[in-house]
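Protein chains: 2
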Amino acid sequence: MPTIGDQHIVKSYDDELKRLHDALARMAGLAEAQLAAAIEALDKRDSDIATRVMNDDPKVDECEHFINEQTVRLLALRAPVADDLRMVISALKAAGDIERIADHAANAAKRSLVLNQMPPVAPMRSLVRMGKLVAELLNEVLDAFLAHDAERALAVRSRDQEVDDLYSSLFREILTYMMEDPRTITACSHLMFIAKNIERVGDHATNIAEMTYFIATGRSLNDQRPKRDTSAYEDGTSPV
Amino acid sequence: MPTIGDQHIVKSYDDELKRLHDALARMAGLAEAQLAAAIEALDKRDSDIATRVMNDDPKVDECEHFINEQTVRLLALRAPVADDLRMVISALKAAGDIERIADHAANAAKRSLVLNQMPPVAPMRSLVRMGKLVAELLNEVLDAFLAHDAERALAVRSRDQEVDDLYSSLFREILTYMMEDPRTITACSHLMFIAKNIERVGDHATNIAEMTYFIATGRSLNDQRPKRDTSAYEDGTSPV
Chain A
43 MPTIGDQHIV KSYDDELKRL HDALARMAGL AEAQLAAAIE ALDKRDSDIA
93 TRVMNDDPKV DECEHFINEQ TVRLLALRAP VADDLRMVIS ALKAAGDIER
143 IADHAANAAK RSLVLNQMPP VAPMRSLVRM GKLVAELLNE VLDAFLAHDA
193 ERALAVRSRD QEVDDLYSSL FREILTYMME DPRTITACSH LMFIAKNIER
243 VGDHATNIAE MTYFIATGRS LNDQRPKRDT SAYEDGTSPV
Chain B
43 MPTIGDQHIV KSYDDELKRL HDALARMAGL AEAQLAAAIE ALDKRDSDIA
93 TRVMNDDPKV DECEHFINEQ TVRLLALRAP VADDLRMVIS ALKAAGDIER
143 IADHAANAAK RSLVLNQMPP VAPMRSLVRM GKLVAELLNE VLDAFLAHDA
193 ERALAVRSRD QEVDDLYSSL FREILTYMME DPRTITACSH LMFIAKNIER
243 VGDHATNIAE MTYFIATGRS LNDQRPKRDT SAYEDGTSPV
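Written out as structure tokens, the structure reads:
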């Protein structure tokens, strides 16, 4: 039987783990909101929303900073093992992915401000469609991650191909649009980079899915999805 | 006085830390070589080199996988503290950055294969110049990281602005080139993404510089460099 002293120690350790989990949940919620707002800003050409996304980005960075400190503290003082250790290490890595996701959202918002000063371009519709799919997958994978639900995470991971396919088709659409009307080159260049931002969010969501599997099972997924970005070949060449 | 048994334990712990350090050094060397080769492939329009870079990318992934496993093992079995803990956590995070660097090099190599099937475009010269600068900064920062030399790492970090400036000027150059000759739009789009790949390598080098500071001093650098990519404003608009 643990003494009252032991219980106190265990309680406090559990509290620290819970605090780390809550910080991750908060950070995940922020990043989801940032991405959704960035896509709304693009869709509605709303510069106020875009500006808010840019201004809110430091909040996500603060979350990452807190999680990093909390993780180092837990490792140093509590020396967690097994499930707890996997959870702590995954928190550290996932926080890095979530920070990058928010960064991509802020970057997309920043570019949307520039786009709002130019005439609209048609491929924006496909871009917004892709953005909404990625936002949906991100929400799903973050829920799975926080619940340590490997099965649900793997289901999301298997859908990243949809994102890649949309991205490749969007890349072709933008290229064609630029060629047909070279006056849209500047706007379309920004569109390309926003598309890339969103596609990268999908890759980070895949990373988080893989971490979820690691937390839940203790094993790594080695059968990496083979390719991330096939747009290099979108001009129909087959370089290898 | 430690007993023979204790010495054995300490010795083996030191060996494990050294093995982790050596794995990082090897991974760093591989990533440097991959980036240098990718830039050479672009410069010389050499598809053999580019293909080699793409084929060698899994080696870097294997290094990261080994480092991840070794890190989890060390944390679980040795519960390192203080300097050792910072070193182990930084190894885990740096391995992620180095893997991304190699990924960017492989992506640049892949796009160079496509570019080699099109007529050369003039902005490639500026791209190669930027690539060589980033490769130089990367080598410097990885040396500093492996030597835990905070001062040297900060010196590299302060030079990332040079990379960002080159990137912004290159972005303008590519846009202008496309507008003047819309037949180059496809080639120039790939060039833009390669430029972005190289600029991102510079950001990861900055991350590694900040980790070096953390290992050497135990403190985080909170005065984050304010902006990473100013190309959103390269058309002369001032969106905020």
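For the record, the sequence lines run as chains A and B.
Quick note: the first sequence uses this note's numbering, first residue 43, plus one each step.
Quick note: the second sequence uses this note's numbering, first residue 43, plus one each step.
Here a beta-carbon is modelled for each residue, glycine too, at the ideal position from N, C-alpha and C.
- Report the neighbours of A:T254 on chain B: residues whose CB is nearer than 8 Å to its CB, in chain order. Within chain B, no residue comes near A:T254; the closest Cβ sits about 15 Å away, beyond 8 Å.
- Task: Mind listing the chain A neighbours of B:T226? Cutoff is C-beta to C-beta under 7 Å, in chain order.
- Result: Residues of chain A passing the Cβ test: none, with the nearest at roughly 10 Å.
- Query: Any idea if A:R225 is buried or exposed, counting beta-carbon neighbours within 10 angstroms, 16 or more meaning buried?
  - Reply: exposed
- Compute the Euclidean distance between the alpha carbons of A:M160 and B:A186, then round it to the nearest angstrom. 45 Å
- Task: Using a cut-off of 7 Å between C-beta atoms, extract the partners of A:S231 located in chain B.
- Result: L217 and M234
- Which residues in the same chain as B:Q203 place their Cβ atom closer than 7 Å to its Cβ, once the five residues preceding and following it in sequence are excluded? none
- Message: Assuming contact is defined by CB atoms lying nearer than 8 Å, are A:M172 and A:L208 in contact in what I supplied?
- Response: yes
- Proximity winner among B:V95, B:N149 and B:E58, relative to B:M234 (alpha-carbon distances): B:N149
- Task: Figure out for me which residue from A:S168, A:I140, A:N97 and A:I109 has the closest Cα to the Cα of A:D85.
- Result: A:S168
- Does the beta-carbon distance from B:R199 to B:T248 come in below 8 Å? yes
- Task: Tell me whether B:R115 is buried or exposed, calling it buried when 16 or more other Cβ atoms sit within 10 Å of its Cβ.
- Result: exposed
- Residue-chain proximity (A:M166, chain B), Cβ-Cβ < 8 Å: no
- Task: Could you list which residues in chain A have their beta carbon closer than 9 Å to that of B:L117, in chain order?
- Result: L117, A121, P122, V123, L127, V130 and I131
- Message: If you follow the alpha helix (DSSP H) that A:P100 is in, where does it begin and where does it stop?
- Response: S89 to R120
- Task: Provide the residue span of the alpha helix (DSSP H) that contains A:R128, from first to last.
- Result: A124 to L157
- Message: Determine whether the beta carbon atoms of B:A15 and B:L175 lie at a separation below 8 Å.
- Response: Residue 15 of chain B lies beyond the residue range present for chain B, which begins at 43 and ends at 282; the question has no answer from this structure.
- Message: Can you give me the C-alpha to C-alpha distance between A:D90 and A:A83, rounded to a whole angstrom?
- Response: 8 Å
- State yes or no: is the beta carbon of A:L59 nearer than 8 Å to at least one beta carbon in chain B? no
- Message: Am I right that A:L59 and B:A118 are in contact with their C-beta atoms under 8 Å? What's the rounded C-beta distance?
- Response: Not a contact, Cβ separation roughly 16 Å.
- N- and C-terminal bounds of the alpha helix (DSSP H) containing A:R194: A192 to R199
- Query: What residue does the alpha helix (DSSP H) around B:A251 start on, and which one ends it?
  - Reply: I227 to T259
- Quick one: residues in its chain with C-beta nearer than 6 Å to the C-beta of A:A143, no 5 flanking neighbours on either side, listed in chain order? Reading the sequence as shown, one finds Ile at residue 143 of chain A and not Ala. If we look at A:I143 and ignore the five residues flanking it on each side, its Cβ neighbours are A73, V243 and H246.
- Compare the C-alpha of B:K135 against each of B:A121, B:C230, B:E111 and B:L212 and name the closest. B:E111
- Query: Straight-line CA distance for B:A147 to B:D99?
  - Reply: 9 Å
- Residues near A:T279 in its chain [Cβ-Cβ closer than 8 Å; skip 5 each side]: Reliability of the predicted coordinates at A:T279 is poor, the pLDDT of 34 falling under 50, and the value obtained from them is presented with this limitation in mind. Around A:T279: no qualifying Cβ.
- Item | Neighbouring residues, chain B, relative to A:V114 (Cβ below 8 Å) | L127, R128 and I131
- Query: Are any of the Cβ atoms in chain B nearer than 8 Å to that of A:G138?
  - Reply: yes
- Proximity winner among B:P162, B:A258 and B:L184, relative to B:Y219 (alpha-carbon distances): B:P162
- Query: Which residues, taken in chain order from the region 195-220 of chain A, show a beta carbon closer than 7 Å to some beta carbon of chain B?
  - Reply: L217 and M220
- Message: I'd like to know whether the C-beta atoms of A:R183 and A:E241 end up nearer to each other than 8 Å.
- Response: First, the amino acid is wrong: residue 183 of chain A is Val here, not Arg. Cβ distance not < 8 Å, so A:V183 and A:E241 don't count as in contact.
- Query: What distance in whole Å lies between the Cβ atoms of B:P165 and B:E215, which are believed to be in contact at a cut-off of 8 Å?
  - Reply: 5 Å
- Query: Just how far apart, CA to CA, sit B:S210 and A:R120?
  - Reply: 46 Å
- Can you tell me which of the three DSSP states B:D85 falls into? helix
- Message: Spatial neighbours of A:A70 within its chain, please: C-beta separation below 7 Å, excluding the five flanking residues on both sides.
- Response: I140, L184 and L188
- Message: Taking CB distances under 8 Å as the criterion, tell me whether A:H107 reaches chain D.
- Response: Of the protein chains in the structure, A and B, none is chain D.
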